[in-house]
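Student: Mature numbering (1 follows the signal peptide of the UniProt record, and there is no 0) puts the sequence shown at residues -20 to -1, 1 to 76. From the three backbone atoms N, C-alpha and C, an ideal C-beta is built for every residue, glycine too. Please find one structure pasted underneath; my questions will follow.
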Amino acid sequence: MRRLLTIAFVSLGLAGAALAQDAPLVSATVKKVDTAQGKITLDHGPIKNLDMDGMTMVFKAADPAMLKDVKAGQKVMFSADRVNGQITVTKLQKAK
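Structure follows, in structure tokens:
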């Protein structure tokens, strides 16, 4: 029984990770990058998958390495989702 529960939770976790990767990209302007804390402040448009209006807020980066190539003032596209109860940037790329 314990093994079945473990398999179920792992499957749900993998499905959640797939959903995070499929989240729509949102346009934003970088306001601040804190590489030491793995956080980024973005002035962003609405994030539909989180039912969130546009605003300026601080996000945790899923992978702090994604913050190395961005700086304040840059236009970016990103996706975000709830990871371990925290709204987290799951994908980040420079806007074209």
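Mark aspartate 61 as exposed unless 16 or more other C-beta atoms lie within 10 angstroms of its C-beta, in which case mark it buried.
Tutor: Flag for aspartate 61 reads buried.
Student: In terms of residue numbering, what span does the beta strand (DSSP E) encompassing lysine 51 cover?
Tutor: Unbroken run through lysine 51: none, as it is neither H nor E.
Student: Is lysine 76 helix, strand or coil when you go by DSSP?
Tutor: Coil at lysine 76, not helix or strand.
Student: Looking at the secondary structure, which residues open and close the beta strand (DSSP E) in which alanine 42 lies?
Tutor: First-last for alanine 42: undefined, no H or E at that position.
Student: Which one or two residues does DSSP pair with aspartate 14 in a beta bridge?
Tutor: BP columns for aspartate 14 point to Lys19.
Student: Leaving out five residues before and five after alanine 52 in sequence, what residues of the same chain have Cβ atoms less than 8 Å from its Cβ?
Tutor: Val10, Lys11, Lys12 and Val13.
Student: Beta-carbon within less than 6 Å of glutamine 54's beta-carbon, same chain only, minus the 5 sequence neighbours each way: which residues are those?
Tutor: Once the five neighbours on either side are set aside, the close Cβ partners of glutamine 54 are Val10.
Student: Report all residues from its chain with a CB closer than 7 Å to the CB of proline 4; omit the five preceding and five following residues, and keep chain order.
Tutor: Lys28, Asn29 and Ser59, listed in sequence order.
Student: Under three-state DSSP, which class holds aspartate 61?
Tutor: Aspartate 61: strand per DSSP, three-state reduction.
Student: Select from Asp31, Pro26 and Ala8 the residue whose C-alpha is nearest the C-alpha of isoleucine 20.
Tutor: Of the listed residues, the one whose Cα sits closest to isoleucine 20 is Ala8.
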